[in-house]
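Take a look at the structure below.
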Amino acid sequence: MIQVFCSERGSGKTKKLINLANDNLEDAKGDSVFIDDDNRTMLSLNRKIRFISTEEFTLKDYESFYGFLCGLISENYDIENIYVDGLSNIVRGNELNGAELLFEKMKNLSRRFGVKFFINLNHNCNDVPEFIRQYSYSYS
């Protein structure tokens, strides 16, 4: 399962993703990982959620981000939820149109390993490509 939350920068997506991660922890049978491009949100997460800042890694394109995800999953088969705050910030300078293969591969990872992906994008849902829009979800 992939859920994409898209809205303009400053609309509260990060806070909502943190709340979702913390709330989902109660019902999760497996582990949760929160990926961000910096450390600002780390202290807002429950300490049982593994926090990873991509500042320490060179993720220059969607292929390297996919490899990063595979490394996480291969290291821990108990991962149930992966939260990605600001995919566009993590993989800078890459247009969303180039992310189609990444989303296809994440869909396969989700099926094969039972991982749920929750992704924030700093874009209006009407402006994202159809292959992303099919995963768009509204916070309630």
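58 is the number that numbering that gives the first Met the number 0 gives to position 59 of the sequence shown; each next residue is one higher, with no gaps. Each residue gets a CB set at the ideal place from its N, CA and C atoms; glycine is no exception. The structure displayed is predicted, hence computed values, not measured ones.
Same chain only: Cβ atoms within 7 Å of residue i, ignoring 5 sequence neighbours per side
i: V3; result: I118, L120, I131, Y134, S135 and Y136
i: L108; result: L68, I72 and V114
i: V90; result: L58, D60, Y61 and F64
i: D37; result: S52 and E54
i: C124; result: C5, R132 and S135
Residue i versus residue j - alpha carbon distance
i: S63; j: G9; result: 27 Å
i: L58; j: D26; result: 31 Å
i: S87; j: I78; result: 23 Å
i: I17; j: L24; result: 11 Å
i: E103; j: Y65; result: 10 Å
i: Y82; j: K28; result: 16 Å
i: M0; j: T53; result: 23 Å
i: K15; j: G70; result: 26 Å
i: N45; j: V127; result: 31 Å
Cβ-based neighbour list, residue i, same chain, cut-off 6 Å, excluding 5 preceding and 5 following
i: S139; result: In this prediction, S139 has a pLDDT of 46, which is less than 50 and means its spatial position is unreliable; what the coordinates show is noted afterwards. Here the set comprises nothing.
i: I48; result: A20, S31 and F33
i: H122; result: C5
i: A98; result: Y61
Spatially closest choice to residue i from the options, by CA coordinates
i: E55; options: I78, D35, G70 and R46; result: D35
i: I72; options: D30, V127, S6 and C124; result: D30
i: C5; options: F50, N21 and L95; result: L95
i: L68; options: F112, N45 and L42; result: F112
i: L101; options: D60, N75 and I51; result: D60
i: D22; options: E129, R110 and N80; result: N80
Sequence-distant residues of its chain with Cβ nearer than 8 Å to residue i (five each side left out)
i: T40; result: T13, I17, F33, F50 and D84
i: Y76; result: F112
i: M105; result: I1, Y65, L68 and F116
Identify every run of the beta strand (DSSP E) within the region 29-114, keeping only runs that are complete inside it and at least 3 residues long; order them along the chain.
30-35, 49-52 and 78-83
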